[in-house]
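Listed in order, the protein sequences are those of chains C and Z. Residue numbering for the first sequence follows full-length UniProt numbering, starting at 1 and increasing by one per position. Residue numbering for the second sequence follows full-length UniProt numbering, starting at 1 and increasing by one per position. Quick reminder that beta carbons are idealized off the backbone N, C-alpha and C, glycines included. These notes concern the structure reproduced below.
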Amino acid sequence: MAAPESGDGNNGAARMVTLISSDNTRFEVEAAAASLSQTLQLTILDGGGGGGDGIPLPNVDSATLSKVLEYCIKHAPAAANGGAPNATAVDRAELERFDNEFVNIDQSVLYSLIMAAHNLEIEGLQSLVAKKVADMIKGKSPMEIRRTLGFPDPTPEEQAEMNAHMLEYGWAYE
Amino acid sequence: MEDAQRRAEMSRPSIHGRMDDDEQHNPAAVSTGLVSTLAGHPSQATATRGFMSSTTTPAKRAVVENSDCPVDNKRARTQRRLSFPSLPQDIVSRITAALPFKEAVRMSAVCSKLRRAWMYHPNLDLGVSATDGSVVPTMWQEEKSEL
């Protein structure tokens with residue numbers, strides 16, 4: 001998660017890298033922000049992504065990538081501080097507010113985000129989205145979970161399995 | 001027949017984690033399936049199905065059937081509307097890991113694909129009052145015999 005420590009201060013003002021989405025849109029961002037991705041961090045430390053080259057990301061479309069980068073840019077300063085120790089309570093509250101708002105989006109966008117965060121290994125974003133989806137599930141019955149998550153209505157067989165599960169693991173439903 | 005088909009879709013190991021490289025064939029099926037659904041030209045499959053499946057199933061099925069094909073699939077997934085059932089196992093496990101233990105177990109009732117997801121729960125917090133300690137070993141045996 002930590003930004004490349006040496007690269008940050010020593011390379012002078014804001015080294016930029018270019019990322020290319022699956023639909024060929026180019027995004028120019030600070031290396032420190034892109035380095036929230038463990039995957040990209042390695043490439044960037046190797047000197048990739050600068051100049052006219054760009055790092056192609058064939059698994060991430062532009063809509064998703066711009067969202068991912070919005071997160072990275074917002075979180076880069078805190079990550080550069082090695083997490084939270086130097087951050088003030090105000091900064092932390094602001095990040096939290098940003099996070100809450102950030103995941104207040106359509107389910108399918110959430111899933112695109114978590115897939116991208118998974119592929120790019122952006123730990124914080126993965127946790128954030130996972131927590132959001134978990135919150136959507138919390139306190140619901142299996143049937144409600146199915147509906148919330150967009151599963152088709154259960155077949156009679158599945159319904160029977162669900163009932164059996166509820167009987168068997170009754171303690172989880174108390 | 002529709003039930004059987006849907007059933008097959010659900011039980012197919014569509015959400016195993018990282019995908020293998022070796023089944024790269026047939027990306028065309030993915031794109032045609034997705035495109036035809038999206039463009040509103042019902043394919044043969046959609047025409048014969050109910051309203052529920054006509055919106056989700058053909059695309060999902062195309063993705064699921066080719067889930068061993070990493071690049072095309074992930075690309076297709078990120079560009080189209082993703083649904084929970086199409087997420088790979090790693091991600092499902094991450095989500096269940098963010099749930100309290102009991103809730104994660106409850107979620108495993110949802111469908112057979114999720115049956116094992118809770119087992120990756122990092123926080124096997126058996127301090128919950130209702131557990132009698134024998135619960136987990138029993139479940140493990142059962143799940144193992146299924147494998």
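is_contact[residue i, chain Z] using C-beta, thresh 9 Å
i	result
residue 176(C)	Residue 176(C) falls outside the range modelled here, since chain C spans only 1 to 174, and no answer is possible.
Ala134(C)	yes
Ser37(C)	no
Tyr173(C)	yes
Pro142(C)	yes
Thr18(C)	no
Tyr111(C)	yes
Arg146(C)	yes
Gly50(C)	no
Gly47(C)	no
Glu161(C)	yes
Ala130(C)	yes
Tyr71(C)	no
Ile55(C)	no
Ile137(C)	yes
Ile114(C)	yes
Ser66(C)	no
Gln107(C)	yes
His165(C)	yes
Span of the alpha helix (DSSP H) around residue i
i	result
Arg97(C)	Ala89 to Phe102
Glu121(C)	Unbroken run through Glu121(C): none, as it is neither H nor E.
residue 175(C)	No answer is possible for residue 175(C): it lies beyond the span of chain C, which begins at 1 and ends at 174.
Phe101(Z)	Phe101 to Met107
Val68(C)	Ser62 to Ala80
Asn163(C)	Pro156 to Glu168
Pro85(Z)	Pro85(Z) -> no alpha helix (DSSP H), and no H or E assigned at all.
Ala142(C)	Looking at the sequence provided, one finds Pro at residue 142(C) rather than Ala. Element bounds for Pro142(C): Pro142 to Leu149.
Leu57(C)	It is not in any alpha helix (DSSP H) - Leu57(C) carries neither H nor E in the DSSP assignment.
His40(C)	The displayed chain sequence assigns Leu, not His, to residue 40(C). Segment Gln38 to Leu45, the alpha helix (DSSP H) holding Leu40(C).
Test item: CB-CB of residue i and residue j under 9 Å
i	j	result
Ala76(C)	Ser35(C)	yes
Ala78(C)	Asp61(C)	no
Ser141(C)	Arg81(Z)	no
Ile55(C)	Thr43(C)	yes
Ala116(C)	Ala97(Z)	no
Ile114(C)	Glu103(Z)	no
Phe27(C)	Leu40(C)	no
Val29(C)	Cys72(C)	yes
Phe84(Z)	Phe151(C)	yes
Leu87(Z)	Tyr111(C)	yes
His165(C)	Ser108(Z)	yes
Leu57(C)	Ala33(C)	no
Pro156(C)	Met143(C)	no
residue 179(C)	Val103(C)	Any question about residue 179(C) goes unanswered here, given that chain C covers just 1 to 174.
Val110(Z)	Ile122(C)	no
Ser37(C)	Leu120(C)	yes
Ala134(C)	Ile91(Z)	no
Residue i - containing beta strand (DSSP E), residue span
i	result
Arg94(Z)	It is not in any beta strand (DSSP E) - Arg94(Z) instead sits in the alpha helix (DSSP H) that spans Gln89 to Ala97.
Leu19(C)	Met16 to Ile20
Arg26(C)	Arg26 to Glu30
Within-9 Å CB hit, residue i to chain C
i	result
Glu65(Z)	Note that Glu65(Z) scores a pLDDT of 36, beneath 50, so its modelled location is shaky and nothing firm can be said.
Touch test, the segment 33 to 49 of chain C against the segment 94 to 106 of chain C, Cβ-Cβ under 8 Å, three pairs minimum: Here the segment 33 to 49 of chain C makes no contact with the segment 94 to 106 of chain C; the two share fewer than three CB pairs at distances below 8 Å.
Members of the segment 116 to 128 of chain C near chain Z, C-beta cut-off 8 Å: Going along the segment 116 to 128 of chain C in chain order, one finds Ala116, His118, Asn119, Gln126 and Ser127 with a Cβ nearer than 8 Å to chain Z.
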